[in-house]
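Notes follow once the structure below has been shown.
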Amino acid sequence: MRREIFRMERVTYIEQGIPQIEDFNLQIYEGEIMGLLLINAYGIQAFLKLLQVNLPLYDGYVYYGGTMVNSWRSFGKSHNRISIIQTQSSLAEGLRVSENIFVMRHGFRQRIIRPTLLKRQLEPFFKDIGIDISADTYVENLTVFERIVVEILRAVILGHRLIVLCEVSAMISRAELEKLHEIIRHYAEQGFSFLYISLHYEEILQICNRAAFLTHGRIQKVIRKPEMERGILKNCTEEYNQMVLGHLKSSRGFSENKRAVLSFREASCNGLENLSFEIIEGECLVLQSFSHGVFQTLVGLLKEEEDMTGGCILMEGKEVAFRNNKNIAVLQDQPTKTMIFPELNNMDNLCFGLSRRVSRIWSSQKIRDSIRQEYGKELGEDFFSLYPDQLSERQKCRLIYTRILLQRPKVVFCIQPFKGADLPHRMFIWKMLTMLLDKKIAVVILAVNMADSISLADRLLYINASGVTEEIARSAFGKLPAIVPWQYLYEEDGL
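Sequence positions in the sequence shown follow my numbering and run 366 to 860.
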C-alpha cells in the first residue's frame, strides 16, 4: 500500500472575504511525481501559501506525512517542511552554495564555519546526480538551472519529503529541462515526492505519474498516466489548439523570399560575437539561447541597457541605430508592470509609441479624437477617461499591444511574452501577437524555452556566444522533441 505524503481534503480558504480555493481536494503519495496543470491560475498563490504555512481555513483539513497539520477547527500558523521552487529564488545572496545548504538550515549550531568540511559533505550529492557545481560558488553567480538544482539539493538534505516546482520550464532551456527531469526521477525513486506545476500538458505527460487540473480555485479532475497518454490532457486546451491549427494552415504561404526588413551583421555586444541574421517582413522569428549569459545580453540590448561593440544593424539595407528607432518596438517581459506609466492617463499611455512618428500628438486634439473614434469600440469608451490602475490585467495588456499597433513599427521584439500566463491569458496574448502579424509587422520572440512561441513561429534560430548556431524552418518543426509544446500539431498535420 502506498504511503500518503500530503493531502488536502475539502479545503476552502478565504482572503478578504473572497474564496481563493474552494472544496479543494489533492492527494500525493511517497515517491510520486504529481502534475498540476493550470487551466487558469486563479487560486494558485493561495494554494502555494497553504502548502508551507498553516493559515486559518474556512473549511477542510490538511495532512502532511500522515499527520493532520491544519483544519477549519484549529490552526497555529505553523510551517510545513515543504520546499517550493519558483521564479523567485529562496537562496540567500552573498553566501556560497554550501553555506546556503548547510549553514542556513534550522538547527545548525556551529559557531565556526569550516568551508572545506562543508564542501566535502556536499560533493557526494552533486556527484550522485551528475552535476558539476562548485560548493564555493556564490549564489548570485549561479545560472537559473544551477539555482534550481541547488534548491532541490537543499530540500533533499533538509529532509523535505515534498518538493514543489512551479513553472520551472519558463526559466530554463529544453536541454536543462530534460536534465532536471532526470534529477526529479532520481529522487522520486529514493522516496521524495514532487508536485510539478505547469502550464503545458506536454511537460506533465513527460514527467508525471498522475495529473490534476486546476481551474477557478478547484481541482476539477485527476487522471493517471494511461489516460494522459490517450490524449485527455489535450482536451483541456482544445479551443487553443484549434486557434493555433487555424493559424498554421492559413499562414502556410509564408515565403522566405520576402524582403528582409531588419538585418544584424556580425553584431557584437558584451560577450556575444558575430551575430548575423535577417528578419523577414511579416514573419514570426523565435530566438532561443541555451546560454543564460547570452540571453541576458540580448535582453540588455533590447532594453537599451547594453550597447553594440561591433558590427551593425541594417533597416531595409541602410545602417540604422537600434536606440530610439521608430521602426522598432520592444515588448518587455511583464509588460503590464514595466511598460505602463501610472502617472499618465490611458490616452497618453496609448499615444506614447505614436509620438515617435507624430510629434504633434500631444497638442493635436484632432488626432486624439481620431484615435478615440477608431479604437473606442474595441477598448471601451470609458477607457480614455481612466488611469491604468483602474484597468484589469487584460485591459492593460490590450493597451500595450494597441500602443505598438499605433506606432506601426516594422519589427517588434518580444521578451518571453507568454511567461507566467495561464491558459486564458496565453490565448489572449497569442491573439494580440497574431494581430500584429496580420498587419505585416515582423514579430521576433526572445525565449529561454519555446513554450507557446512555437505555435506562431515561421523560423527558429538557436544562438550562443559565437552567433547563430542553427536555423530550423517550420517544415522541420515536426522533428522537434515531443516535450516541445505544439510539436504534435506540426507532426500530425505536416505543417
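C-beta atoms are modelled at their ideal positions from N, C-alpha and C, and glycine is treated no differently. Remember, predicted model here, so these are calculated numbers, not experimental data.
Check, Outcome
"Would DSSP call HIS876 helix, strand or coil?", "Residue coverage of the chain in this structure runs from 366 to 860, which leaves residue 876 outside it and unanswerable."
"Does the count of Cβ pairs from the region 739–756 and the region 775–791 closer than 8 Å reach three?", "no"
"Hey, ARG768 and ASN689 are a contact pair by Cβ (cut 8 Å); roughly how many whole angstroms apart?", "Not quite, the Cβ-Cβ distance comes to about 16 Å (not below 8 Å), so this is no contact."
"Starting from the Cα of GLU395, find the closest Cα among CYS779, ARG550, ILE819 and give me that residue.", "ARG550"
"Out of curiosity, what's the CA-to-CA distance linking ASP672 and TYR429?", "52 Å"
"Specify, as a first and last residue, the run of the alpha helix (DSSP H) that SER628 falls within.", "It is not in any alpha helix (DSSP H) - SER628 instead sits in the beta strand (DSSP E) that spans 625–634."
"Of the choices VAL777, PHE629, LEU570, whose alpha-carbon is the least far from that of LEU696?", "VAL777"
"Could you give the first and the last residue of the continuous alpha helix (DSSP H) run that contains PHE510?", "509–523"
"Any heavy atom of the ligand ZN inside 6 Å of the beta-carbon of THR432?", "This structure does not include the ligand ZN; it has no bound ligands of any sort."
"Evaluate THR580 with the Cβ neighbour count: other Cβ atoms within 10 Å of its Cβ, from every protein chain shown; 16 or more gives buried, anything less gives exposed.", "buried"
"So, is ASN506 buried or exposed, given that buried needs 16 or more other C-beta atoms within 10 angstroms?", "exposed"
"Are the CB atoms of ILE569 and ALA576 nearer to each other than 7 Å?", "yes"
"Please report the distance separating the alpha-carbon of LYS805 from that of HIS657.", "31 Å"
"Which residue wins for smallest C-alpha separation from ALA694, given the options ARG733, LYS775, MET815?", "LYS775"
"Would DSSP call ILE572 helix, strand or coil?", "helix"
"The beta strand (DSSP E) that contains ASP424, what's its start and end?", "424–429"
"Where do the N-terminal and C-terminal ends of the alpha helix (DSSP H) with ASN692 fall, by residue?", "That residue, ASN692, is in no alpha helix (DSSP H); it is neither H nor E in DSSP."
"Is the beta carbon of GLY675 closer than 7 Å to that of SER641?", "no"
"Are three or more beta carbon pairs between the region 493–510 and the region 411–427 nearer than 8 Å?", "no"
"Out of ASN710, LEU613, ASN639, which one is the CA nearest neighbour of GLY843?", "LEU613"
"So for ASP823, helix, strand or coil by DSSP?", "coil"
"Taking its Cβ as the centre, do 16 or more other Cβ atoms sit within 10 Å of ILE810, making it buried, or is it exposed?", "buried"
"Would GLN475 be called buried (16 or more neighbouring beta carbons within 10 Å of its own) or exposed?", "Because the pLDDT at GLN475 is just 48, under 50, the model does not fix this residue reliably, and the point stays unresolved."
"Considering GLU739, what are the terminal residues of the alpha helix (DSSP H) in which it resides?", "730–744"
"By the DSSP assignment, the beta strand (DSSP E) with ASN639 in it spans what residues?", "637–645"
"DSSP three-state label for HIS444, please.", "strand"
"Can you pull the DSSP bridge partners for ILE466?", "None; ILE466 has no bridge partner."
"By Cβ distance below 7 Å, which residues in the same chain neighbour GLU387 in space, the five residues on each side in sequence not counted?", "THR377, GLY582, ARG583"
"With DSSP run on the structure shown, which of helix, strand or coil describes SER901?", "Residue 901 lies beyond the stretch modelled for the chain, which goes from 366 to 860, so this question has no answer here."
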